[in-house]
Amino acid sequence: MMQRLILFCLLLTNSFALRAQSCGLKVVNSIEGYRQKLAENPENELVEIIKAIPSVKLDIKYATKDNLIKQRVYKQARAFARKPVVEALQKIQAELNTQGLGLKIFDGYRPYAVTCLFYAAIRDTTFVAAPWRGSRHNRGCAIDLTLVDLKTGKTLPMPSGYDETTERSFHDYQGGTEEERKNRSILREAMTKNGFAIYKWEWWHYDFIGFERFDITDIPFEEFSK
Numbered sequence: 048m049m050q051r052l053i054l055f056c057l058l059l060t061n062s063f064a065l066r067a068q069s070c071g072l073k074v075v076n077s078i079e080g081y082r083q084k085l086a087e088n089p090e091n092e093l094v095e096i097i098k099a100i101p102s103v104k105l106d107i108k109y110a111t112k113d114n115l116i117k118q119r120v121y122k123q124a125r126a127f128a129r130k131p132v133v134e135a136l137q138k139i140q141a142e143l144n145t146q147g148l149g150l151k152i153f154d155g156y157r158p159y160a161v162t163c164l165f166y167a168a169i170r171d172t173t174f175v176a177a178p179w180r181g182s183r184h185n186r187g188c189a190i191d192l193t194l195v196d197l198k199t200g201k202t203l204p205m206p207s208g209y210d211e212t213t214e215r216s217f218h219d220y221q222g223g224t225e226e227e228r229k230n231r232s233i234l235r236e237a238m239t240k241n242g243f244a245i246y247k248w249e250w251w252h253y254d255f256i257g258f259e260r261f262d263i264t265d266i267p268f269e270e271f272s273k
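Position 137 of the sequence shown, counting from 1, maps to 184 under this note's numbering, and the rest follow consecutively.
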């Protein structure tokens, strides 16, 4: 099953990459190309978040079937982001810790091929990026995350579940409980005061301001270990 999924994803990626090129997008798709970019600017480093922030919690949904397309699309349950993004997350984690809270990461850098797969499955650019434009996740500059209680280790309740494609996921959704809306606001305040912008359709998704200077990348996680 995984081999068929990988083959399908490769075919999709090639098709969408051609369209992306026609729109002027450049995709870094080799570890050699990535290392060249890193040599040009240390900020291009895709840092493994757990190594930089050991206290952060991980719940990498795309390494399981508990996600938008109900398929496992990552071989490894890991999360990466560009160096300045991780530095901002370090600051946010420290600030939240003073409130007895911490971050739980669902997703960070997302290889371009996975965005192509999501679009083929969903075809709704409200909840998945158009492959010919690419995703901020593909640039290592978007983070999907939530809050946890440090004392109990439990995830704080939010107005919707992660990857839910209903209005309950919207930042301006006024339903749910007062506690859920308060938790959403705590996360939003912590993120936006430290260099991130909201994505109005998803309370869990935050874009790093200045993402444009980083390249769309299509390198699987396992390549960074070589």
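Note that beta-carbon positions come from the ideal geometry of N, C-alpha and C, so glycine has one too.
As the structure is a prediction and not an experimental result, all values here were calculated from the model.
Measuring CA to CA, which of the options is closest to residue i?
i	options	result
PHE255	GLU226, ARG119, ILE139 and VAL120	ILE139
TYR166	VAL132, PHE153, GLY155 and ARG180	ARG180
ALA176	CYS163, CYS188 and GLY187	CYS163
LEU192	ALA160, ALA237, ILE169 and GLN83	ALA237
PRO178	PRO158, ASP196, LEU197 and CYS188	PRO158
GLU92	VAL195, GLY222, GLY187 and GLU214	GLY187
THR202	VAL74, LEU105 and ILE97	LEU105
GLY242	ARG228, GLY223, LEU194 and ALA189	ALA189
ARG125	LYS112, LYS117, GLU142 and PHE153	PHE153
ASP265	ASN230, ARG119, PRO89 and ALA160	ALA160
Measure the C-alpha to C-alpha separation of residue i and residue j and round it to an integer number of angstroms.
i	j	result
LYS247	ALA86	35 Å
PRO204	GLY257	30 Å
LYS108	THR212	15 Å
LEU52	PHE271	The predicted position of LEU52 is uncertain, since its pLDDT is 43 and thus under 50; a value taken from the coordinates is nonetheless stated next. Rounded to whole angstroms, LEU52 to PHE271 spans 22 Å at the Cα level.
TYR253	GLY147	22 Å
LYS198	ARG235	21 Å
HIS84	SER102	Reading off the sequence, residue 84 comes out as Lys, not His. Spanning the two alpha carbons is a distance of roughly 29 Å.
LEU136	ASN185	18 Å
TYR81	GLU226	43 Å
ASP262	LYS73	7 Å
ILE100	GLY200	16 Å
GLY222	SER207	10 Å
GLY149	ILE78	32 Å
Is the CB of residue i under 8 Å away from at least one CB in chain D?
i	result
GLU227	Absent from the structure: chain D. Only one protein chain is present.
Using three-state DSSP, classify residue i as helix, strand or coil.
i	result
PHE217	coil
ILE245	strand
GLY155	coil
PHE255	strand
LEU115	coil
GLU95	strand
LEU58	Residue placement at LEU58 cannot be trusted, given a pLDDT of 47 that sits under 50; the coordinates are not used to answer.
ARG129	strand
ALA176	coil
Give the DSSP bridge partners of residue i, in chain order.
i	result
THR264	VAL75
PHE202	A quick correction: the sequence has Thr, not Phe, at residue 202. Paired residues: VAL195.
GLY223	Paired residue(s): none; GLY223 is not in a bridge.
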